[in-house]
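Asks:
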Amino acid sequence: MTERWFAIGAWLGALGVGLGAFGAHGLKTRVSAEMIAVWETGSRYQLLHALALLATGWACERWPGAYANGAGGLFLAGVALFSGSLYALALSGVRAIGAITPIGGVCFIAGWTCLAMAAMRGR
203 MTERWFAIGA WLGALGVGLG AFGAHGLKTR VSAEMIAVWE TGSRYQLLHA
253 LALLATGWAC ERWPGAYANG AGGLFLAGVA LFSGSLYALA LSGVRAIGAI
303 TPIGGVCFIA GWTCLAMAAM RGR
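Whatever position you read off the sequence shown (first residue = 1), add 202 for the numbering used here.
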């Protein structure tokens, strides 16, 4: 599990940097400033949770079990739902897509909770 979560985290980090640069430069003349801010929020949370996946890889080795592994799945789902919905909203302007975003936020919260539980149970 360690290698898998580290690799996924590293790939999401690389993708997050690329998407952040695309939002800052490629979208500048194509979407409103409000939608660029939405895009930036998506890329910021993606990058933060790419680092969380690196920590999850370490946690899987330190405190193996369902909590540490579950945190990785929840962080990945959070990136897909939270950041993905914000990217889609910024590109399409369809506000209804924003209804998906809080589900991703709940995944992030649950992932951090699982990571804390892994540490607490691993003592």
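We put the CB at the ideal spot given by N, CA and C, even for glycine. In this text, all values refer to a predicted model and were calculated from it rather than measured experimentally.
Looking at L255 and G218, is the spacing between their C-beta atoms short of 9 Å?
Replies: No, Cβ-Cβ distance for G218 and L255 is not below 9 Å.
Asks: Take every Cβ of the stretch 206-214, pair it with every Cβ of the stretch 229-239, and state whether three or more of those distances are shorter than 8 Å.
Replies: With a cut-off of 8 Å, the stretch 229-239 and the stretch 206-214 do not count as touching, because too few Cβ pairs lie within range.
Asks: Output the distance between the C-alpha atoms of E263 and L283, rounded to the nearest integer angstrom.
Replies: Between E263 and L283, the C-alpha separation is close to 27 Å.
Asks: Runs of 4 residues minimum, wholly inside the stretch 250-295: which ones carry the alpha helix (DSSP H) assignment?
Replies: Listed in chain order, they are 268-280 and 286-294.
Asks: Rounded C-beta distance between C309 and G280? I'm assuming under 8 Å.
Replies: Contact flag correct, Cβ pair sits at about 4 Å.
Asks: Check each candidate in M203, G215 and R323 and name the one with the smallest Cα separation from Y247.
Replies: Selected option, being the one with the closest Cα: G215.
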